[in-house]
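> Throughout the sequence shown, residue numbering follows our numbering, covering 534 to 819 in sequence.
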Amino acid sequence: MRKPPAARHICPVQCQRLRDGERRRDAAAFNREIRMAVVPLVGLPTDRLQQGPHPFLATGEKYIRAVVDAAGAMPVLLPSLQPTLDAGAWLDRLDGLLLTGAVSNVEPHHYSDEPSWEGNPHDPARDATSLGLIPQALARGLPVLAICRGLQEVNVALGGRLHQRVHDVPGLLDHREDRAAPLDTQYGPAHPVQLHPGGLLAGMSDSAQVAVNSLHGQGIARLADGLLIEATAPDGLIEAFRGPGPGFLLAVQWHPEWRVTQHPFYRAIFQAFGEACRQYAARRGQ
C-alpha cells in the first residue's frame, strides 16, 4: 500500500509571507472594486439662455447624457452667476470639470482682440464662470474635458488667442455646419483630424486619422504656452490639445458627446475622462 505523501512543511516565516501576500492581493482587488464603484461628480458650467422674457441657466442634454452614459459619472450643473455665486467654491466637492460647447462665443476682449461683429452671440455670465474656474481647476489637478467652446475657453484662460472667423482666414477651411440640415447630418463626419503620435487621442484610436464632426466658426489662432497639440485638421487648424502635466486636461474642437455610445472613438474620450475622475475621487477620499 502506497504511503500518503508527506505533508509539506512551511515555516512560520513562510506562513506569514503567504498571509501578507494574500492581504496585499485582497487589498489591491478591494481598491480596484472601490475605484470602479465610485461615481465621481462632474461639474458643468451653465449657459445663460433667453426664452421669451425669461432668462434660464441651462446645459445641453447631450452633454449630461454623455457624462452619465459614457463617463459613468454624476453631472452637477454649476450656475453661471459670477460674482454673486462663486462657482470656484464648488471645486473642492467635484471630481471633474466638463466645459461644454454652446451657441455663444467667448468675448474677444478676453484675448485682446477687436470687438465682435454685430450679431455675434456672447454669454458674459458663461465667460466669467468658465474663465475663472479653469485656472483654479488646473491648480487643483482636477480632471478637465473641454469641448468646442470649452476648448476655446481653456486656450483663452491660459493666454492663447482665437480666430473670430476661421472661414475668413486665408488658407483655412470653413468649419461651420449647415444649420438647415438634420442634426445627424450636422453632427456627421465632416473632415479627418491627424492625431499626433504619443498623445492621449492617439492611444484611443487604431488609426492615425479619425473623421470627426465640425460645428464651429471660431478656432485657435495661437495656442497658449505649455499646451500640447493632440490633433490638427487638414488645413492645419488645431483641433485638440492636452495639458503638459500628469493631470488630465484634454480639449477637442469637435463634439464627441453626440451619439457617444455609438462611436467608439468618441466613447473612448469620455471613458478616459471618467476614469481620471474616478481616480481623482479615490485620492480625494483617502
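Ideal Cβ placement from N, Cα and C applies to all residues, glycine included.
(1) Given a cut-off of 8 Å on the beta-carbon distance, is the pair residue 627 and residue 675 in contact?
(2) Along the chain, where does the alpha helix (DSSP H) that runs through residue 666 open and close?
(3) For the beta strand (DSSP E) that residue 743 lies in, which residues bound it at each end?
(4) Please report the straight-line C-alpha distance between residue 737 and residue 599, rounded to a whole angstrom.
(5) Please name the residue, chosen from 652, 679, 759 and 606, that lies closest to residue 788 on a Cα-to-Cα basis.
(6) Would you check if there are 3 or more beta carbon pairs closer than 8 Å linking the region 601 to 614 to the region 641 to 650?
(7) Out of curiosity, what's the CA-to-CA distance linking residue 624 and residue 772?
(8) Assess contact between the region 704 to 724 and the region 660 to 677, defined as three or more Cβ pairs (one per stretch) separated by less than 8 Å. Is contact present?
(9) Whose C-beta lies closer than 6 Å to the C-beta of residue 691 among residues of the same chain, with five residues either side of it excluded?
(10) When you compare only the Cα positions, how much space is there between residue 755 and residue 763?
(11) Nearest-angstrom Cα distance between residue 594 and residue 582?
(12) I'd like to check one pair, residue 677 with residue 684: are the Cβ atoms closer than 8 Å?
(13) In the DSSP assignment, what are the bridge partners of residue 608?
(14) Would you identify the three-state DSSP class for residue 770, choosing helix, strand or coil?
(15) Consult DSSP for residue 794 and reduce its assignment to one of helix, strand or coil.
(16) If I follow the unbroken alpha helix (DSSP H) through residue 712, where does it start and stop?
(17) Nearest CA to the CA of residue 590: which residue from 597, 740 and 579?
(18) Under three-state DSSP, which class holds residue 725?
(19) Do residue 573 and residue 813 count as a contact pair if the criterion is CB distance below 8 Å?
Quick answer:
(1) yes
(2) 657 to 673
(3) 742 to 745
(4) 17 Å
(5) 679
(6) no
(7) 27 Å
(8) no
(9) 757
(10) 15 Å
(11) 14 Å
(12) no
(13) 575
(14) coil
(15) helix
(16) Element bounds for residue 712: n/a, residue is neither H nor E.
(17) 579
(18) strand
(19) yes
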